[in-house]
Amino acid sequence: MRIGYPCINRRIGCTANSTFRLNSYSKERVRLAVSNNLDCLFKILKWNSENDLRFFRISSDIVPFASHPVMDVRWTHEFKKELKLVGHLVRQENMRISMHPDQFVLLNALDKGIVQRSIAELRYHAEVLDAMGIEDAAIQIHVGGMYGNKAGAMDRFINTYRRLPANVKKRLAIENDERLYSLADCLAIHERTKIPVIFDSFHNELNGRMPLKEAMNKASATWGRMPLMMDYSSQEKGKRPGTHAEHIDNGHFRKFLKEAKGDFDLMLEIKDKEKSAVQALRIAKEMGWL
DNA sequence: CCATGTCAAGGTCAC
DNA sequence: GTGACCTTGACATGG
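If you want this note's numbering, it's the position in the first sequence, counting the first as 1, plus 13.
Structure (structure tokens):
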């Protein structure tokens, strides 16, 4: 099992997701941001490997505005060396990588323009991973909207998926969300497409509520010989249901690990990031998971 | 220098 | 049909 956290490290004093306003766009701003982001990403991954955290989500802001028409920097070319360096470290330290384009990527939108922009955004994510030479990372997305007809929306998702470029397709994974598409829905899409399903245990508690063992078994089966990729969180007390915890809830986490089964990599979607990840790692080691 | 409003992109739900 | 909310840090501006 590998344990990790998404995008941001609060301890080492740099960020790999710096961006700027579209209004302030210039070639120089892009170069400055990308240079800073790649430099910091390398430092974070280095810190992670030294702390035995071997799962990390690279921020979609690593190259700001990459899929926007305004982009006019050939960043894959200009930062070739730095991108390769990251990939080298990832392979050397046996780390697993994911990326998670946000809510604007909707492969099943009714509007063709939205679908086109979504595909462009996915292409960008695949280009980052191509340039790093990381073939087996996941680009994780949700199924999308319902548009008043879930079956139709799922059909549209599948049809668009089939037309995606190969470098996107080989990395795309879908994740159950907390309101619209449950794990069962994602598994149904897997049946028709073979897309791997990332299991989010917190979302499953809010939507679907498939028993944990069954959920993990079924999601695992979608990954073939690769370990299941999982997102984990717990409810922040006193906040709207669905709010991610500020700190890891030790009791909840131990209970989860007691029930969990199989070979999986775990991403802690908890707000204090590497702090909780370090603690989770300690607990998992205590309980004999690694 | 600090406080506050704002940020590429969409969808859903309550009213 | 309109506005709040999702979710989040940090950019950017105005005082």
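Glycine residues also receive a C-beta, built at the ideal position from the N, C-alpha and C atoms.
Option in the options with minimal Cα separation from residue i
| i | options | result |
| --- | --- | --- |
| residue 217 | 124, 155, 209, 228 | 228 |
| residue 144 | 182, 156, 91 | 91 |
| residue 211 | 222, 226, 190, 221 | 190 |
| residue 31 | 18, 51, 15, 17 | 51 |
| residue 261 | 290, 179, 275, 240 | 290 |
| residue 73 | 114, 257, 110 | 114 |
| residue 150 | 64, 220, 104, 78 | 104 |
| residue 267 | 162, 300, 177 | 300 |
| residue 248 | 234, 215, 85, 223 | 215 |
| residue 186 | 192, 178, 153, 54 | 153 |
| residue 165 | 179, 127, 123 | 123 |
| residue 136 | 106, 174, 169 | 174 |
| residue 44 | 19, 118, 76 | 76 |
| residue 188 | 232, 148, 168, 204 | 232 |
| residue 71 | 79, 80, 142, 121 | 142 |
| residue 112 | 106, 138, 125 | 138 |
| residue 192 | 160, 219, 62 | 219 |
| residue 102 | 59, 133, 94, 265 | 59 |
| residue 133 | 302, 252, 176 | 176 |
Paired residues, beta bridge with residue i - DSSP
| i | result |
| --- | --- |
| residue 245 | 281 |
| residue 18 | 69 |
| residue 213 | 244 |
6 Å Cβ shell around residue i - same chain, five flanking residues per side excluded
| i | result |
| --- | --- |
| residue 244 | 213, 280, 282 |
| residue 278 | 15, 68, 109, 240, 242 |
| residue 40 | 86 |
| residue 33 | 42 |
| residue 18 | 281, 286, 287, 290 |
| residue 106 | 62 |
Residue i, DSSP secondary structure in three states
| i | result |
| --- | --- |
| residue 52 | helix |
| residue 151 | strand |
| residue 42 | helix |
| residue 112 | strand |
| residue 188 | strand |
| residue 260 | coil |
| residue 204 | helix |
| residue 121 | coil |
| residue 25 | coil |
| residue 88 | helix |
| residue 271 | helix |
| residue 106 | coil |
| residue 34 | coil |
| residue 236 | coil |
| residue 126 | helix |
| residue 195 | coil |
| residue 162 | coil |
| residue 303 | coil |
| residue 138 | helix |
| residue 145 | helix |
| residue 223 | coil |
Cβ-based burial, residue i [other Cβ within 10 Å; buried from 16]
| i | result |
| --- | --- |
| residue 181 | buried |
| residue 29 | buried |
| residue 35 | exposed |
| residue 272 | exposed |
| residue 83 | exposed |
| residue 294 | buried |
| residue 37 | exposed |
| residue 27 | exposed |
| residue 57 | buried |
| residue 235 | buried |
| residue 172 | exposed |
| residue 170 | buried |
| residue 46 | buried |
| residue 121 | buried |
| residue 184 | buried |
| residue 196 | buried |
| residue 254 | exposed |
| residue 309 | A question about residue 309 goes unanswered here, because the residues of the chain that appear run from 14 up to 303. |
Own chain partners of residue i with C-beta closer than 8 Å, once the 5 adjacent residues on each side are dropped
| i | result |
| --- | --- |
| residue 230 | 274, 275 |
| residue 269 | 214, 225, 245 |
| residue 119 | 127, 128, 131, 157, 158 |
Cut-off 7 Å between Cβ atoms - residues of its own chain near residue i, not counting five sequence neighbours on either side
| i | result |
| --- | --- |
| residue 146 | 97, 100 |
| residue 140 | 89 |
| residue 388 | What is shown of the chain runs 14 to 303, which leaves residue 388 out entirely. |
| residue 53 | 27, 28, 29 |
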